[in-house]
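First residue of the sequence shown: 2, per our numbering; consecutive thereafter. All remarks here apply to the structure that follows.
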Amino acid sequence: MLKTAGGLRGTRHVSIIEQVAIFLSVIAHHKKNCVMKHDFIRSGRTISKHFHSVLKAVLRLSSILLARPLPVDDECQDSRWRWFKGCLGALDGTLIEVRVPDSDKGRYRNRKGQISTNVLGLCNLEGMFTYVLSGWEGSAADGRVLRDAVHRPAGGKVPTGNYYLCDNGYGNVEGFLTPYRVLAIT
2 MLKTAGGLRG TRHVSIIEQV AIFLSVIAHH KKNCVMKHDF IRSGRTISKH FHSVLKAVLR
62 LSSILLARPL PVDDECQDSR WRWFKGCLGA LDGTLIEVRV PDSDKGRYRN RKGQISTNVL
122 GLCNLEGMFT YVLSGWEGSA ADGRVLRDAV HRPAGGKVPT GNYYLCDNGY GNVEGFLTPY
182 RVLAIT
C-alpha cells in the first residue's frame with residue numbers, strides 16, 4: 002500500500018523494506034539520527050531522506066485509511082446513539098508519561114506532578130479514532146488543546162449541524178457538546 006497508493010519507491014541502494022524499517026525504528030523507539038547511522042550503516046543524510054520519504058507516503062495514505070465519521074441519522078435504531086441526532090462521536094484527552102529535557106520539565110508537569118504529554122483523540126460511533134493530536138505539554142488545559150486542534154489546517158473540523166460529545170473540561174462551543182451541569186436549588 003505504501004508503494005502503490007503512497008508512492009514510495011526504493012532506490013538503487015536502499016530498498017522499500019529498509020526505508021520502512023528505518024521509519025519504524027525511529028517512530029517506535031525514538032532513536033536519533035546518530036544512533037540510526039550506526040544501526041543501518043548509512044549516512045545521516047540517507048537516514049533522514051528515507052525517513053521523510055516514508056513519512057510523506059504515510060501521510061498520503063491518511064485520506065484512504067482515515068474515513069470521515071458519519072453522523073447519527075433519524076433512522077438510527079442503536080439504543081445508545083438514537084438520542085444524539087447529528088453526533089459524530091466523542092472526544093477526550095489523556096496524559097501519557099514522557100521523558101523530556103530538564104529545561105522543559107516545568108511545562109510538561111501535569112496537575113498530579115507527573116511529566117506527561119496531553120493527547121487529544123476523536124472517535125467515531127464505533128470507537129475508531131478519526132483524529133489524534135499529540136505533543137501538547139501535560140500542563141495544557143483540555144480546552145486549549147481542542148482549540149489548537151480545530152484551528153489546524155488538517156485538524157478536527159466539525160461540519161455545521163454536527164457535534165462531538167465531550168466532558169466538562171472542554172466547554173460548550175460550536176461543534177462540541179458537554180454534559181449539562183444540574184444546580185441544586187435550596
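From the three backbone atoms N, C-alpha and C, an ideal C-beta is built for every residue, glycine too.
Cβ neighbours of residue i in the same chain (closer than 6 Å, five flanking residues each side left out)
i	result
K86	V73
D143	G94, G170 and Y171
N173	T179
L147	Y171
Euclidean distance between Cα positions of residue i and residue j
i	j	result
F177	L121	14 Å
Q78	W84	10 Å
T131	R13	37 Å
R61	S49	18 Å
S63	I186	50 Å
H1	I28	There is no way to answer for residue 1, as the model of the chain reaches only from 2 to 187.
P160	R153	15 Å
P1	C88	Missing from the structure shown is residue 1; the chain here goes from 2 to 187 and no further.
L71	N125	8 Å
K33	K113	30 Å
First through last residue of the beta strand (DSSP E) which encompasses residue i
i	result
S135	F130 to E138
V151	Taken as a continuous stretch (DSSP letters only), V151 belongs to no beta strand (DSSP E), being part of the alpha helix (DSSP H) at D143 to H152.
Y165	Y164 to L166
Sequence-distant residues of the same chain with beta carbon closer than 8 Å to residue i, five excluded per side
i	result
I17	L3, K4, L9, R10 and G11
Q115	L96, E98 and G139
A6	R61, L62 and I65
A91	L123, C124, Y165, L166 and C167
R46	none
Contact belief for residue i with residue j at Cβ below 8 Å, rounded distance in angstroms
i	j	result
N169	G139	Actually they are not in contact, since the Cβ atoms of N169 and G139 sit about 19 Å apart, beyond 8 Å.
Opening and closing residue of the alpha helix (DSSP H) in which residue i lies
i	result
N34	N34 to F41
Y181	Segment: none, Y181 is in no alpha helix (DSSP H) and carries neither H nor E.
I186	No alpha helix (DSSP H) holds I186; DSSP gives it neither H nor E.
F52	G45 to L66
L25	I17 to H30
Short CB-CB distance (under 7 Å) between residue i and chain B
i	result
F130	Protein chain content of the structure displayed is limited to a single chain, and chain B is not contained in it.
One or two residues paired with residue i in a DSSP bridge
i	result
V120	T95
R110	I116
V174	F177
7 Å CB neighbourhood of residue i in its chain, flanking five on each side removed
i	result
G136	T118
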